[in-house]
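Novice:
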Amino acid sequence: MEKIKCLILGGGPAGFTAAIYASRANLSPVLYEGIQPGGQLTTTTIVENFPGFPGGVDANNLMDSMREQARSFGADIRQGTATQADLGNRPFKVVIDGETELEAETLIIATGAQARYLGLPSEEKYKGSGVSACATCDGFFFRKKTVAVVGGGDTACEEALYLAGLAKKVYMIVRRDVFRASRIMQEKVLAKDNIEVLWNCNTQEVLGDGWSVTGARLLRKDGTVFDIEIDGFFLAIGHAPASALFAPWLMLDEAGYIITEGKTSCTSVPGVFAAGDVQDPRYRQAVTAAASGCMAARDAEKFLIEQNS
Ligand code: NDP
Numbered sequence: 005m006e007k008i009k010c011l012i013l014g015g016g017p018a019g020f021t022a023a024i025y026a027s028r029a030n031l032s033p034v035l036y037e038g039i040q041p042g043g044q045l046t047t048t049t050i051v052e053n054f055p056g057f058p059g060g061v062d063a064n065n066l067m068d069s070m071r072e073q074a075r076s077f078g079a080d081i082r083q084g085t086a087t088q089a090d091l092g093n094r095p096f097k098v099v100i101d102g103e104t105e106l107e108a109e110t111l112i113i114a115t116g117a118q119a120r121y122l123g124l125p126s127e128e129k130y131k132g133s134g135v136s137a138c139a140t141c142d143g144f145f146f147r148k149k150t151v152a153v154v155g156g157g158d159t160a161c162e163e164a165l166y167l168a169g170l171a172k173k174v175y176m177i178v179r180r181d182v183f184r185a186s187r188i189m190q191e192k193v194l195a196k197d198n199i200e201v202l203w204n205c206n207t208q209e210v211l212g213d214g215w216s217v218t219g220a221r222l223l224r225k226d227g228t229v230f231d232i233e234i235d236g237f238f239l240a241i242g243h244a245p246a247s248a249l250f251a252p253w254l255m256l257d258e259a260g261y262i263i264t265e266g267k268t269s270c271t272s273v274p275g276v277f278a279a280g281d282v283q284d285p286r287y288r289q290a291v292t293a294a295a296s297g298c299m300a301a302r303d304a305e306k307f308l309i310e311q312n313s
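According to my numbering, the sequence shown is numbered sequentially starting from 5.
What follows is the structure in structure tokens.
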């Protein structure tokens, strides 16, 4: 069985940054990229808020550069997804794609999270052409336009407020007659002149001209069906962290995010660290994920030094 000093799961900004730091610290990291090589960022086009790129950067190019940078320091980056994990004892046992068994002295979990979508075929069709699950990433493309945000939680309110600062008008499509969001967020949304809340509404279809979004067809609880004209359709109905494999071993919060200790990447199992969106319900940005990947590699290095001394 292959023995690995530092095993990293996840090929997004958190995983690659952890690999850069771990390889420079001589931890000979092995990184498995998982189901979505490059991570969630590769579902967007241009990233305009990653520091260092004043003209923006293509999301796939950014991830290719991170991968290449990690490789240049000797990180062993492989394709494959962890399908089993036993974190009961060190070394930890991890199985990749149901067949490759590994033993890891330290494990960095950077498996990310997936934004939830409604599951409509029309939503899938216009992903990246008006349908987005990240206002901070894509809102800028909708300056002075009309957009809709689906959801009534804190994220939806935050995204609607952010978009209201850029767009001409923001609709919020809320499926009940109340928000789930905190009172303060609700008040901020309701005080905004250019946000209109459409209560008791569900989206039946995202409308488009074959190239980009032009509207949405909504069904109100009383049975009325009506269309709104929009240029952008933003989902804010929650995220699902990719933590299920580790649930028997690690402390997770009620939404499934891995709990880390204070301002560290340490999980409830010594030697296992978590970085990026799998442990971050709040910020979920490429730059914060990258930063937490750095923390995880530093924590793994410190852990190994302490174990060996
Ligand atoms: P939440 O689970 O809190 O809210 C999800 C929202 O989406 C709810 O309004 C829910 O409706 C709605 N929704 C879910 N599924 C569907 C669907 N299929 N169709 C239509 N609407 C749907 O997720 P958030 O991402 O908003 O927040 C996650 C956590 O992060 C929360 O604890 C939140 O408080 C926290 N957070 C805090 C922030 C802050 O403090 N500034 C900012 C952002 C998030 P319903 O209510 O009917 O279930």
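Cβ coordinates follow ideal geometry from the N, Cα and C atoms, glycine included.
This one's a predicted model, so the numbers in the text were calculated from it and none came from an experiment.
1) Looking at C-beta atoms only, is the number of pairs between the region 278-287 and the region 243-261 that lie closer than 8 Å three or more?
2) Identify whether residue 93 lies in helix, strand or coil by the three-state DSSP scheme.
3) Ignoring anything shorter than 4 residues or poking outside the region 147-202, list the alpha helix (DSSP H) runs there in chain order.
4) What first and last residue would you give for the beta strand (DSSP E) that runs through residue 117?
5) Reducing DSSP to helix, strand and coil, say where residue 54 ends up.
6) So within the region 217-285, which uninterrupted beta strand (DSSP E) runs reach at least 3 residues, ignoring any that extend past its ends?
7) Bridge partners of residue 36, per DSSP?
8) Quick check: what's the CA-CA separation for residue 230 versus residue 221?
9) Between residue 237 and residue 201, how many whole angstroms is the CB-CB distance? I'm expecting something under 8 Å.
10) Should residue 95 be counted as a contact of the ligand NDP given a C-beta to heavy atom distance under 7 Å?
11) Are residue 86 and residue 13 close, meaning C-beta to C-beta below 8 Å?
12) Could you check the C-alpha separation between residue 9 and residue 159 for me, to the nearest Å?
13) Would the beta-carbon of residue 154 be found less than 7 Å away from any heavy atom of the ligand NDP?
14) Could you say which of 6, 18 and 22 lies nearest to residue 302 if we only look at CA atoms?
15) Relative to the alpha-carbon of residue 124, which residue among 71, 182, 253 and 206 has its alpha-carbon at the smallest distance?
16) Could you give the DSSP three-state label for residue 62: helix, strand or coil?
17) Is residue 310 closer than 8 Å to residue 31 when the C-beta atoms are compared?
18) Anyone know if the C-beta pair for residue 1 and residue 97 falls short of 8 Å?
19) Quick one: is residue 154 buried, meaning 16 or more other Cβ sit within 10 Å of its Cβ, or exposed?
20) Helix, strand or coil for residue 45 per DSSP?
21) Quick one: grab the DSSP three-state call for residue 214.
22) Is the Cβ-Cβ distance between residue 152 and residue 175 less than 8 Å?
23) Report yes if the CB atom of residue 242 is closer than 8 Å to the CB atom of residue 147, and no otherwise.
24) State the DSSP-derived secondary structure class of residue 133, mapped to helix, strand or coil.
25) So the alpha helix (DSSP H) residue 295 belongs to, where does it begin and stop?
26) Look at the alpha carbon of residue 287 and the alpha carbon of residue 234, and state the distance between them as a whole number of angstroms.
27) Using the rule of at least 16 other Cβ atoms within 10 Å of the residue's Cβ for burial, across every protein chain shown, is residue 139 buried or exposed?
28) Residues in its own chain within less than 6 Å of residue 126 by CB, not counting five upstream and five downstream?
29) Residue 204: beta carbon under 7 Å from a heavy atom of the ligand NDP?
Specialist: Result, derived from the coordinates:
1) yes
2) coil
3) 158-168 and 187-194
4) 117-119
5) coil
6) 217-224, 229-233, 236-239, 243-245 and 276-278
7) 13 and 82
8) 6 Å
9) About 16 Å; that fails the 8 Å criterion.
10) no
11) yes
12) 38 Å
13) yes
14) 22
15) 206
16) strand
17) no
18) Nothing can be reported for residue 1: it is not among the residues displayed for the chain, which extend from 5 to 313.
19) buried
20) helix
21) coil
22) yes
23) no
24) coil
25) 290-312
26) 27 Å
27) buried
28) 209 and 210
29) no
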